[in-house]
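**Student:** Residue numbers (my numbering): 195 to 519. Ideal Cβ placement from N, Cα and C applies to all residues, glycine included.
(1) Express the C-alpha separation of residue 428 and residue 457 in angstroms, rounding to a whole number.
(2) For the beta strand (DSSP E) that contains residue 361, what are its first and last residues?
(3) Between the alpha carbons of residue 281 and residue 294, how many angstroms are there, rounded?
(4) Which residue spans inside the region 399-473 form an unbroken beta strand (DSSP E) run of at least 3?
(5) With distances taken from CA atoms, which of 434, 488, 454 is nearest residue 298?
(6) Could you compute how far the alpha carbon of residue 367 sits from the alpha carbon of residue 236?
(7) Let me confirm a value: residue 310 is counted as buried when at least 16 other C-beta atoms fall within 10 Å, else exposed. Which label applies?
(8) Could you tell me the boundaries of the alpha helix (DSSP H) in which residue 323 lies?
(9) For residue 476 versus residue 505, is the C-beta distance shorter than 8 Å?
(10) Can you tell me whether DSSP reads residue 230 as helix, strand or coil?
(11) Relative to the C-alpha of residue 261, which residue among 314, 245, 273 is closest?
(12) Find out if the Cβ-Cβ distance for the pair residue 495, residue 301 is shorter than 8 Å.
(13) Quick one: what's residue 354 bridged to in DSSP?
(14) One question on the structure: do residue 455 and residue 432 come within less than 8 Å of each other, judged by their Cβ atoms?
(15) Would you list the residues sitting across from residue 391 in a DSSP beta bridge?
(16) If you follow the alpha helix (DSSP H) that residue 306 is in, where does it begin and where does it stop?
(17) Roughly how many angstroms separate the alpha carbons of residue 249 and residue 270, rounded to a whole number?
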């Protein structure tokens with residue numbers, strides 16, 4: 195009575211376990227770069243590895259059975275979710291990175307699983323076929339890394355209307371005293387682990403002055419003023435001093451000024467609105483240095499847009515409150 199039950203359980207669990215073990219092997223092995231040619235933030239890991247993981251799990255689950263595409267997709271998706279959960283629990287990746295890669299990981303894993311099921315139904319799941327899927331990211335990684343390096347520069351701009359004159363709004367930009375959590379409202383980027391700003395302190399005035407921003411988790415960076423025109427503009431370039439971003443504050447793969455992404459400069463522009471009040475625009479320019487240009491650009495823009503809305507909402511709240519006082 196127990197043998198069939200054990201067999202059924204094993205047929206469900208082992209394919210998932212094998213898929214997760216394979217993913218962990220690639221994830222743990224890639225950063226060591228035995229040949230100096232493998233990278234985590236690359237198509238080889240972020241697209242091909244989940245594709246191969248889903249395929250491997252389905253090959254293992256389908257042995258001796260005829261499966262359907264829906265069944266194959268479910269097996270691949272379960273294996274991928276378990277892999278992501280394992281990376282999170284073992285601290286291989288933080289919540290920010292897990293959320294950012296979740297869409298592409300799931301799509302790639304399901305596609306790999308469906309293809310593996312199709313090959314299985316045509317009796318093409320030989321040892322050679324399975325080995326090809328297993329080796330695919332390890333073969334693609336060196337090829338991808340050998341390509342000429344390229345960078346993508348992106349500009350994100352967000353505008354909000356504030357029911358206060360430009361002078362009143364501008365005065366809120368330089369010194370941003372202690373920020374209460376409810377002043378920022380809900381922001382997706384903070385919900386997934388990005389530290390919240392605490393305060394900003396302007397040291398000096400005009401071009402050359404430095405605004406020191408402090409965030410949660412002991413994050414500290416500087417904004418060096420490059421253009422100052424009260425009440426219409428305040429622009430700056432980012433400077434991240436050594437130790438300004440502790441290692442445990444941000445995941446290394448999304449760290450500002452890190453190996454893959456760098457924030458360059460930005461600023462505020464103010465213009466009187468036709469119906470009264472002020473249109474406040476926040477602009478940030480960043481550099482995507484990863485191999486994943488399209489996906490990295492997309493997420494970089496989405497994260498900054500969300501952060502912009504949070505900060506601009508704070509400025510509106512304070513400027514309008516000061517006007518009513």
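**Tutor:** The relevant details are as follows:
(1) 17 Å
(2) From DSSP, residue 361 is part of no beta strand (DSSP E) but of the alpha helix (DSSP H) over 360-364.
(3) 14 Å
(4) 404-409, 414-423, 427-433, 455-466
(5) 488
(6) 38 Å
(7) buried
(8) 321-339
(9) yes
(10) Summary for residue 230: the model assigns pLDDT 49, below 50, so the residue's position carries little reliability, and this model does not support an answer.
(11) 314
(12) no
(13) 474
(14) no
(15) 409
(16) 289-315
(17) 7 Å
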